[in-house]
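Here's the structure we're looking at; comments come further down.
Numbering (our numbering), first residue to last: 1363 to 1562.
The structure is reproduced here in structure tokens:
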């Protein structure tokens, strides 16, 4: 399918308000506005989710500590992943109490919570879930002084933790994977070279 030409808003002639050109310009302006609005909504949603996560950790840290061990952070993440359990249980009880009624009570809310937990659990079990780095004493002090405003969060470092290797940051995990891939590639090249020598 050929690409649609961009509608140019600059023109030398005056445009009649009822003309096709005016309609094209109006559609182009509306589309641009819609794209920008969607972009802002996605950005706000992402910031809200990150903010919610950071505020949860802020409310559940032990301020008497100087820093957390990696295993303690992992345990805190396990607790974080269970934050909706009580609310989901209440919704389930309400639905069980009104059996026979069409549809579920708070169906959208329940589905959203389950989706969020599913995504975060998958990240924690595989690629790494990013949380405030509580293993650094300096970063932990900054986090304790945070005022829960995301505009003031930038000096605080985040770190990705996985269930299997909670001490590794995301960059370390990626470096390990790249190293393994390079070793595998080198081994394959070596085997190919040996096969060529044997065949000759």
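In this text, a Cβ means the ideal position worked out from N, Cα and C, and glycines have one as well.
List the endpoints of the continuous beta strand (DSSP E) containing residue 1491. 1491–1494
Own chain residues within Cβ distance below 6 Å of residue 1377, not counting five before or after: 1383 and 1384
Every unbroken alpha helix (DSSP H) inside the segment 1444–1520 [4 residues or more]: 1447–1459, 1469–1487 and 1499–1506
Among 1492, 1442 and 1443, whose alpha-carbon lies nearest the alpha-carbon of residue 1518? 1492
When you compare the CB positions of residue 1487 and residue 1525, do they come within less than 7 Å of one another, or not? yes
What is the DSSP secondary structure of residue 1539, counted as helix, strand or coil? Note on residue 1539: pLDDT 46, under 50, position unreliable in the model; the coordinate value appears next. Correct three-state label for residue 1539: helix.
Rounded distance between the beta-carbons of residue 1467 and residue 1456, thought under 8 Å: 5 Å
Quick check on residue 1431: does DSSP put it in helix, strand or coil? coil
So what does DSSP say about residue 1522, is it helix, strand or coil? strand
Under 8 Å, with one C-beta from each stretch per pair, do the segment 1478–1485 and the segment 1498–1515 reach the 3-pair mark? no
Report all residues from its chain with a CB closer than 6 Å to the CB of residue 1428; omit the five preceding and five following residues, and keep chain order. 1499
At the level of alpha carbons, what is the spacing between residue 1458 and residue 1395? 45 Å
My understanding is that residue 1505 touches residue 1420, with C-beta atoms under 8 Å, so please give their C-beta distance in whole angstroms. 7 Å
Shortest alpha-carbon distance to residue 1564 belongs to which of 1508, 1509, 1495 and 1507? This structure cannot speak to residue 1564, because the chain is shown only from 1363 to 1562.
Taking Cβ to Cβ, would you say residue 1430 is nearer than 7 Å to residue 1477? no
With a threshold of 16 other CB atoms inside 10 Å of the CB of residue 1490, please say whether the residue is buried or exposed. buried
Rounded C-beta distance between residue 1523 and residue 1435? I'm assuming under 8 Å. 6 Å
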